[in-house]
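Presented below is the structure to which this report refers.
Protein chains: 2
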Amino acid sequence: MLNEWLRGEVVNIRCLFTQSLILTIKIKMSHSYTEENYIKTIYKLSANGVQDVNTNAIAEVLETKAASVTDMLRKLSAKDIVNYVKYKGVSLTPQGERVALQIIRRHRLWETFLVEKLKFNWDEVHEVAEELEHISSTLLANRLDEFLGYPKFDPHGDPIPSESGEMKHKKQRLLAEMAIDDAGVVVGVNDSQPLFLQYLDKMGISLGTSIKIIDKIPYDNSLEIGLAQDRCLVISQEVSKNIFISA
Amino acid sequence: MLNEWLRGEVVNIRCLFTQSLILTIKIKMSHSYTEENYIKTIYKLSANGVQDVNTNAIAEVLETKAASVTDMLRKLSAKDIVNYVKYKGVSLTPQGERVALQIIRRHRLWETFLVEKLKFNWDEVHEVAEELEHISSTLLANRLDEFLGYPKFDPHGDPIPSESGEMKHKKQRLLAEMAIDDAGVVVGVNDSQPLFLQYLDKMGISLGTSIKIIDKIPYDNSLEIGLAQDRCLVISQEVSKNIFISA
DNA sequence: TATCGAATTTAGATTCATCTAAAAATAAAA
DNA sequence: TTTTATTTTTAGATGAATCTAAATTCGATA
Chain A
1 MLNEWLRGEV VNIRCLFTQS LILTIKIKMS HSYTEENYIK TIYKLSANGV QDVNTNAIAE
61 VLETKAASVT DMLRKLSAKD IVNYVKYKGV SLTPQGERVA LQIIRRHRLW ETFLVEKLKF
121 NWDEVHEVAE ELEHISSTLL ANRLDEFLGY PKFDPHGDPI PSESGEMKHK KQRLLAEMAI
181 DDAGVVVGVN DSQPLFLQYL DKMGISLGTS IKIIDKIPYD NSLEIGLAQD RCLVISQEVS
241 KNIFISA
Chain B
1001 MLNEWLRGEV VNIRCLFTQS LILTIKIKMS HSYTEENYIK TIYKLSANGV QDVNTNAIAE
1061 VLETKAASVT DMLRKLSAKD IVNYVKYKGV SLTPQGERVA LQIIRRHRLW ETFLVEKLKF
1121 NWDEVHEVAE ELEHISSTLL ANRLDEFLGY PKFDPHGDPI PSESGEMKHK KQRLLAEMAI
1181 DDAGVVVGVN DSQPLFLQYL DKMGISLGTS IKIIDKIPYD NSLEIGLAQD RCLVISQEVS
1241 KNIFISA
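Chains as they are written, first to last, in the numbering used here: chain A, 1 to 247; chain B, 1001 to 1247.
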């Protein structure tokens, strides 16, 4: 009920008689587990330069039906979390973006915790972090951040937003876009699926690994790369498109 | 759907033709956030020697209505989590008890983590742990347990069940039941409400504090107790009934 | 510009957890 | 033992999030 009336984050209530007593309440809007997943998905889909995210894309990511997405978009629109125009697409409002960044912050802090402190492998953390990210206590997130030593990047190389939503931009390029004899260090991955990360582990590639392009095979765009100790291997374009190297 | 058919935890599927191939599947039943809260509540209400927990008691703890409780009891009964007889009351099945102990395990491990690692006060942890306890990953609970050094008791002195559901029984008595000149050490509290714990903090009482009964005031059953360095104070019976002392 | 096909939205139904109000069962008191 | 009070359950409704199937809109092509 209150949620319906008070959509902003800060509300001023002025005394009717004196006009001098102003009560400023900061309202912490909370969103359901489901709403948070939609917000996060819209954020991620608009991150790649996309302006208006379309319904089907959201449905695919969330493994749900387009009709369900439409319903939720109307709801989030009423809450001023998204700009939604029927048939046109959806984008986050500044408010929605703030919410998204907080969710992402919590997700990445938990992933860091799981890997650094609980010795999870980097391919095991996503699923659990998907649950942990919804615990909304700000104190918890901030204390965790402090406990971890204010990390700037998570185990996959993704930047961790600060409490106010800022994040470090890492200068990086895709391994697939480098030229022969270029070299650099792995600073992130573009895909965090367990199968991909397990493959990298097997190949001895992780954050911080030095890589040099030895050759490009034009036939299928696969790459011959050099690692430490003259170790050489060939990786497919599929793989090279999902590894970020320091610029 | 699968949930409806397969209620146990282990299922054997025998090949129809050869009869020799037996597929044993261990099914991890999962319960909704809401179901888990009911299970936990029933466990806690039956812990105090009560055999059959009644509907109203559950409704009161969960701040819901008796009618809602009845609905959920029928549901949990169908899942073999509780023994439920209309109008008579409810108790956990062995299966339900296992589930309850896992939830309590996770709750207490998280409380320990919050206090020991994230520097929460013991009155701040309950609410957050109520959310964290529902994250069901067994790997997470076990790694957390390991990370904390396999603690046997949480910050309120309550025992932490092991993965198999066993817990240390602490020999203890209520401060209210001790005689004049008896002495001992605080090993737990019977009430974890923030207001109570903040009061104890203020009085300088925490786990491990040595207490000696100096006098009992018969008028209102309040106690005069002695702490370290000849510090003396008077506490009400209400308070003394909520502090456990080593036996 | 008329039409086709894909994307999107509406309409109506379902499931879960909840509620209120009324009925039924149990327990306590007269 | 009857009556009364309390507890518990049923019946019917609601809101959130979802679904299917049908209708609508958009954009691209002929």
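For every residue, glycine included, the Cβ atom is placed at its ideal position computed from N, Cα and C.
Note that the structure is a prediction, hence the values are computed from the model and not measured.
DSSP on residue i, reduced to helix/strand/coil?
i, result
"B/Arg1231", "coil"
"A/Met1", "Annotation note: pLDDT 31 at A/Met1 (below 50); position unreliable, no value reported."
"A/Val239", "helix"
"A/Gln193", "coil"
"A/Gln51", "coil"
"B/Asp1145", "helix"
"B/Ile1180", "coil"
"A/Thr64", "coil"
"B/Ile1205", "coil"
"B/Asn1056", "helix"
"A/Glu36", "helix"
"B/Leu1118", "coil"
"B/Asp1071", "helix"
"B/His1107", "helix"
"A/His31", "coil"
"A/Ile42", "helix"
"A/Glu97", "helix"
"A/His134", "coil"
"A/Ser77", "helix"
What does residue i reach in chain B if we use C-beta pairs closer than 9 Å?
i, result
"A/Ile135", "Val1128, Glu1131, Leu1132 and Ile1135"
"A/Phe147", "Lys1117, Leu1118 and Lys1119"
Anything in chain A within Cβ reach of residue i, meaning under 7 Å, just list it in chain order.
i, result
"B/Lys1119", "Arg143"
Can you pull the chain B residues whose beta carbon is under 7 Å from the beta carbon of residue i, in chain order?
i, result
"A/Phe196", "Per Cβ cutoff of 7 Å: no residues; A/Phe196 is ~20 Å from chain B at best."
"A/Leu140", "Val1128"
Would you say residue i reaches chain B, if we count a Cβ-Cβ gap shorter than 9 Å as a contact?
i, result
"A/Leu114", "yes"
"A/Lys35", "Here residue 35 of chain A turns out to be Glu, not Lys, going by the sequence shown. With 9 Å as the cut-off, A/Glu35 does not count as an interface residue toward chain B."
"A/Glu63", "no"
"A/Glu163", "no"
"A/Glu238", "no"
"A/Glu124", "yes"
"A/Ala228", "no"
Residues bridged to residue i by DSSP?
i, result
"A/Pro215", "Checking the sequence shown, residue 215 of chain A turns out to be Asp, not Pro. Answer is A/Glu224."
"A/Asn83", "A/Ser91"
"B/Ile1245", "B/Arg1173 and B/Val1186"
"B/Phe1153", "B/Pro1159"
"A/Ser210", "A/Val185"
Output yes if chain A places a C-beta closer than 9 Å to the C-beta of residue i; else output no.
i, result
"B/Arg1007", "Below a pLDDT of 50, predicted positions are generally treated as unreliable, and B/Arg1007, at 34, falls in that range; the measurement from the model is reported next regardless. Not an interface residue."
Output needed for residue i: all residues of its chain with C-beta closer than 7 Å, excluding positions within five of it in sequence on either side, in chain order.
i, result
"B/Phe1113", "Leu1144 and Leu1148"
"A/Arg105", "Ala141, Ile160 and Pro161"
"A/Ala228", "Ser210"
"B/Glu1127", "none"
"B/Val1053", "Ile1042, Leu1045, Ser1046, Gly1089, Val1090 and Ser1091"
"B/Ile1245", "Gln1172, Arg1173, Leu1175, Met1178, Gly1184, Val1185, Val1186, Val1187 and Ile1211"
"B/Gln1193", "none"
"A/His307", "Residue numbering for chain A in the displayed model covers 1 to 247; residue 307 of chain A lies beyond these limits and cannot be assessed."
"B/Ala1158", "For clarity, residue 1158 of chain B is Asp in the given sequence; the question names Ala instead. Result list for B/Asp1158: Arg1108 and Gly1188, in chain order."
"B/Ala1100", "Ile1039, Lys1040, Tyr1043 and Leu1092"
"A/Asp182", "Ile213"
Between residue i and the rest of its own chain, which residues show a CB-CB distance below 6 Å, the 5 nearest in sequence each way excluded?
i, result
"B/Ile1211", "Ile1225"
"B/Ser1236", "Ser1222"
"A/Ser77", "Tyr84"
"B/Ala1129", "His1107, Trp1110 and Glu1111"
"B/Val1061", "Thr1041"
"B/Leu1249", "This structure gives no information on residue 1249 of chain B, because the portion of chain B shown stretches from 1001 to 1247."
Report all residues from its chain with a CB closer than 8 Å to the CB of residue i; omit the five preceding and five following residues, and keep chain order.
i, result
"A/Ser30", "Ser136"
"A/Leu233", "Met203, Glu224, Ile225 and Leu227"
"B/Glu1124", "Leu1114 and Pro1194"
"B/Thr1093", "Asp1080, Ile1081, Val1082 and Asn1083"
"B/Ala1059", "Lys1065, Ala1066, Ser1068 and Val1069"
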